[in-house]
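Have a look at the structure below, then the notes.
2 protein chains.
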Amino acid sequence: MSSVVKKTEGAGAPEAGASRQATAERIPAAQRRELILDAASGVFAERGYAGSTTDRVAKAAGISQPYVVRMFGTKETLFLEALDRAHGKLLGRFREVIAAYDAGELTEQLQQLDPAVGSGRPEQLKQLMAIAYADLVEDRGILMMLMQAFVSGHEPAIGARAREGFLSIYRLVRDEAGLSPEAARDFLAQGMLMNTLIGIRLPDLYEQDPTADELLECTLRSKLPIVLKASKAQLRAG
Amino acid sequence: MSSVVKKTEGAGAPEAGASRQATAERIPAAQRRELILDAASGVFAERGYAGSTTDRVAKAAGISQPYVVRMFGTKETLFLEALDRAHGKLLGRFREVIAAYDAGELTEQLQQLDPAVGSGRPEQLKQLMAIAYADLVEDRGILMMLMQAFVSGHEPAIGARAREGFLSIYRLVRDEAGLSPEAARDFLAQGMLMNTLIGIRLPDLYEQDPTADELLECTLRSKLPIVLKASKAQLRAG
DNA sequence: GGTTGTTGTAATCGAATGATTACTTAAATC
DNA sequence: GATTTAAGTAATCATTCGATTACAACAACC
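The listed protein sequences derive, respectively, from chains C and A.
Under numbering that gives the first Met the number 0, the first residue of the first sequence carries the number 0, and numbering increases by one thereafter.
Under numbering that gives the first Met the number 0, the first residue of the second sequence carries the number 0, and numbering increases by one thereafter.
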């Protein structure tokens, strides 16, 4: 009864120089999940929720579009999982910094800080977390993934998660790092400015526009080389 | 030859209680343009470029979708014009504040400032412009329109305009208001934080989450009532 | 060696969407 | 009052996209 149609694609050379094989290598679903989330983070970070397609994520992950959908159910849950992951990485990174500081493991980094920074724990942690934040630009998409969620407040599920995520970051900075509300606010504000500069790809104008140079140097300070390197890498990746 | 099909929709009651007439009132194209841009600002501000449809803009403007497209050519040019308008309104508002300050017309507002603010022109202008910035939340969509552009760096035309727009704001704050690069950076950072809080609709959680209350009060200060009022109005409008 | 579960794809479907075409109707002009 | 111009819509088209279905192939197990 069933129509027997064997695949037989190209009896001669099944794999003649094509970089992408017709069917992806078989790996456990749990691993594939992580690869898809990696790909989704990059795509969503760049194009936002509405601007991204499951097919683009699939292509970036090297698999077919139906597999992406079946693994996550809907595009929305895929976005939410990628968002949770970005959020978790950020919180995790901050907690690492705090733990390392409290364990006295950051003495050499402390000496590289601007001497104008006070010697109190909150002041020093604020600086150290700012550096850690800039480092996250390298891990493609974490910061922009959050940023994209921040402008998606109109999507009920995404908006709710974005609100809760933002508040949890504020709480960490205030309660675990011990910053005052005002210091925490200033810390977040600098972070949002950094996100914005990256969002508009201002690093692409570096050394082409004096105003851009000044703003970038003033905002990023010692973190500028890291960000510039990440931006150039992103340019090459297209 | 032509098939004669008269419109004749409902020979009895052509307009029986429907709030939207079948065909819009005829007004000059220049006026219609402004109405469409108003509608587009609201729609794009809420849903971003990719998440908005020309049909939604048309509905918000009370006309048909083809008219929107014919008036602006493409969705992209419509977005760019709405963006330019938002950008121009922001620059214009800042310049008004600066001009009024230099003309000595803001003495009563100056006395309401936090006494901790210095008495220099840059310090005072910084505060006054921050208040003006918060006022713009009322004019539905200006700030979020800009914010949406800031996360659309990957769209070539929009990204370019967003970069140029952001730099022109920075230049105004630095050159016309006279802020130092660091002060200008801090001013912009506070603005980006405000945008973010509005983007995630944090005001909707006011008096429902103590953390949200603290962050909102700490960030917005005297501007909080204005923002809360605007948010509630937006909630009602859906 | 057959059975069963897991990993993956091709084909396709229906809805949404930006854009186009052809038309209608009200107003201005001669 | 006929003609022309401006303002606006209905209908529709070609794509795109998220999701579904049905199937293929490899691996593990009995």
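In this text, a Cβ means the ideal position worked out from N, Cα and C, and glycines have one as well.
Computed from a predicted structure; not experimentally measured.
- CA-to-CA, the gap between Ala57 (chain A) and Arg32 (chain C) works out to about 40 Å.
- Leu135 (chain A) sits close to Leu142 (chain A), with the two beta carbons spaced by under 8 Å.
- When C:Glu107, C:Ser40, C:Ile168 and C:Gly47 are compared, the shortest CA-CA separation from Ala60 (chain C) is found for C:Ser40.
- Minimum Cα-Cα distance from Gln233 (chain A) among the listed residues A:Val150, A:Lys88, A:Gly140 and A:Ile26 corresponds to A:Gly140.
- Close to chain A, meaning a Cβ-Cβ distance shorter than 7 Å, are the following residues of the segment 161-174 of chain C: Ala161, Arg162, Phe165, Leu166, Tyr169 and Arg170.
- In this structure Gly198 (chain A) does not touch Gly91 (chain C) by the C-beta definition: roughly 24 Å separates them, more than the 8 Å allowed.
- With respect to Ala85 (chain C), Lys222 (chain C) sits apart: the two C-beta atoms are not nearer than 8 Å.
- In the three-state reduction of the DSSP assignment, Ser230 (chain A) falls in the helix class, which pools H, G and I.
- The three-state secondary structure of Gln111 (chain C), taken from DSSP, is coil.
- The beta carbon of Ala182 (chain C) sits closer than 7 Å to those of Pro121 and Lys125, all from its chain and outside the five residues before and after it, given in chain order.
- The continuous stretches of alpha helix (DSSP H) do not include Glu206 (chain A), and DSSP gives it neither H nor E.
- CA-to-CA, the gap between Val226 (chain A) and Glu137 (chain A) works out to about 7 Å.
- Within the model, the alpha-carbon separation for Pro202 (chain A) versus Pro65 (chain C) is close to 39 Å.
- When 9 Å is used as the limit between beta carbons, Ala49 (chain C) is near these residues of chain A: Arg46, Gly47, Tyr48, Ala49, Gly50 and Ser51, in chain order.
- When the Cα atoms are used, Asp185 (chain C) and Ala98 (chain A) turn out to be separated by approximately 29 Å.
- By alpha-carbon distance to Asp83 (chain A), the top candidate from A:Ser118, A:Ile62 and A:Gln147 is A:Gln147.
- Taking the beta carbon of Asp54 (chain A) as reference, no residue of chain C falls within 8 Å; the closest one sits roughly 15 Å away.
- The alpha carbon of Leu166 (chain C) has as its nearest neighbour, out of A:Gln207, A:Leu34, A:Lys74 and A:Gly103, the alpha carbon of A:Gln207.
- Ser179 (chain C) has its alpha-carbon roughly 15 Å from the corresponding atom of Gln189 (chain C).
- Under the 8 Å criterion on CB atoms, Glu33 (chain A) is classed as non-interfacial with respect to chain C.
- For Gly119 (chain C), no CB of chain A lies under 8 Å from its own CB, so it is not counted at the interface with that chain.
- For the segment 62-90 of chain A, no residue has a beta-carbon sitting nearer than 7 Å to a beta-carbon of chain C.
- Sequence-distant Cβ neighbours of Tyr205 (chain C) in its own chain, meaning closer than 7 Å and more than five residues away, are Ala211, Asp212, Leu215 and Leu227.
- Its Cα nearest to that of Ile130 (chain C), the residue C:Leu219 stands out among C:Asp37, C:Ala29, C:Leu219 and C:Ile35.
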